[in-house]
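A.B. asks: Read top to bottom, the protein sequences are chains A and B.
With the numbering used here, the residue at position 6 of the first sequence is 60, and numbering never jumps.
With the numbering used here, the residue at position 99 of the second sequence is 353, and numbering never jumps.
Just so you know, even glycine gets a beta-carbon here, dropped at the ideal spot from N, CA and C.
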Amino acid sequence: AQKVTQAQTEISVVEKEDVTLDCVYETRDTTYYLFWYKQPPSGELVFLIRRNSFDEQNEISGRYSWNFQKSTSSFNFTITASQVVDSAVYFCALNAGGTSYGKLTFGQGTILTVHP
Amino acid sequence: DSGVTQTPKHLITATGQRVTLRCSPRSGDLSVYWYQQSLDQGLQFLIQYYNGEERAKGNILERFSAQQFPDLHSELNLSSLELGDSALYFCASSSGQGSPETQYFGPGTRLLVL
């Protein structure tokens, strides 16, 4: 079975603070993909990043960075110098293919509020 | 804008009724996925279609059914609706060329069952 845990239900920060959203996953598959999605107040789900299980390189995209650590089954997301527009619900998701082909297993989401 | 379209945006109906949600995938995408987002269950995978055929099934109720048409658009049919079916229903699409793939989500259909 696959499982994604986002232990932080809500995070509140002040603009320009750095914030890290935690994601821990469980799967028995050796090949899998991890994703982060953003759901702003408007409701749509916006794709942010995809990472496969063989690539443990950290990734940086502007103010966003991701830290994938297979040893701890974690795929954490950091926003540097947060902005009010970053306020959203962020979801970590896992897709292991195989018999679960196509199925994204989502965490419960972390509500991020950035105050001006 | 992901390129995935869903109609209608909002739907209000009564218990016992039947509704149809429609999804058009991104141009060129062959796979379509349906997800349900509710407060108590979170985001749950319902079903996937690839080029007209069912590919994977998740926690989809028997009262729910879906299909993908030759033009690749998909419909999710919800029947004998209950209060608990109130949720945001997302459609997503991917190219269908690899496994697993990035799924791009539509704006969702918000269903309210009264």
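1) Please confirm if the segment 314-327 of chain B is in contact with the segment 155-170 of chain A, defined as three or more CB-CB distances below 8 Å between the two stretches.
2) Quick one: give me the first and last residue of the beta strand (DSSP E) that Glu-371 (chain B) is part of.
3) Taking Cβ to Cβ, would you say Ser-387 (chain B) is nearer than 8 Å to Val-273 (chain B)?
4) Applying a beta-carbon distance threshold of less than 8 Å, which residues of chain B neighbour Lys-70 (chain A)?
5) Tell me which residues of the segment 302-313 of chain B have at least one Cβ-Cβ distance to chain A shorter than 7 Å, keeping chain order.
6) Tell me, to the nearest whole angstrom, how far the beta carbon of Leu-148 (chain A) is from that of Tyr-91 (chain A); I am working on the premise that it is less than 8 Å.
7) Return no unless some Cβ of chain A is closer than 8 Å to the Cβ of Gly-282 (chain B).
8) Do the segment 122-141 of chain A and the segment 65-84 of chain A make contact, defined as three or more Cβ pairs closer than 8 Å?
9) Can you tell me which residues form a DSSP beta bridge with Tyr-42 (chain A)?
10) Quick one: is Gln-290 (chain B) near chain A, going by C-beta distance under 8 Å?
11) Any residues in the segment 351-366 of chain B with a beta carbon nearer than 9 Å to a beta carbon of chain A? Which ones, in chain order?
12) For a contact defined as C-beta to C-beta under 7 Å, what are the partners of Arg-104 (chain A) on chain B?
C.D. replies: Taking the geometry as given:
1) no
2) Nothing in the structure corresponds to residue 371 (chain B), since chain B is present only between 255 and 368.
3) Here chain B comprises residues numbered 255 to 368, so residue 387 (chain B) is not present and cannot be evaluated.
4) Within 8 Å Cβ-Cβ: nothing; Lys-70 (chain A) doesn't reach chain B, min ~29 Å.
5) Gln-302, Arg-309, Ala-310 and Gly-312
6) The pair is not a contact, with the Cβ atoms about 12 Å apart (cut-off 8 Å).
7) no
8) yes
9) Because chain A spans 55 through 170 in this model, residue 42 (chain A) falls outside it and cannot be assessed.
10) no
11) Ser-353, Pro-354, Glu-355, Thr-356, Gln-357, Tyr-358, Phe-359, Gly-360, Pro-361, Gly-362 and Arg-364
12) Thr-356
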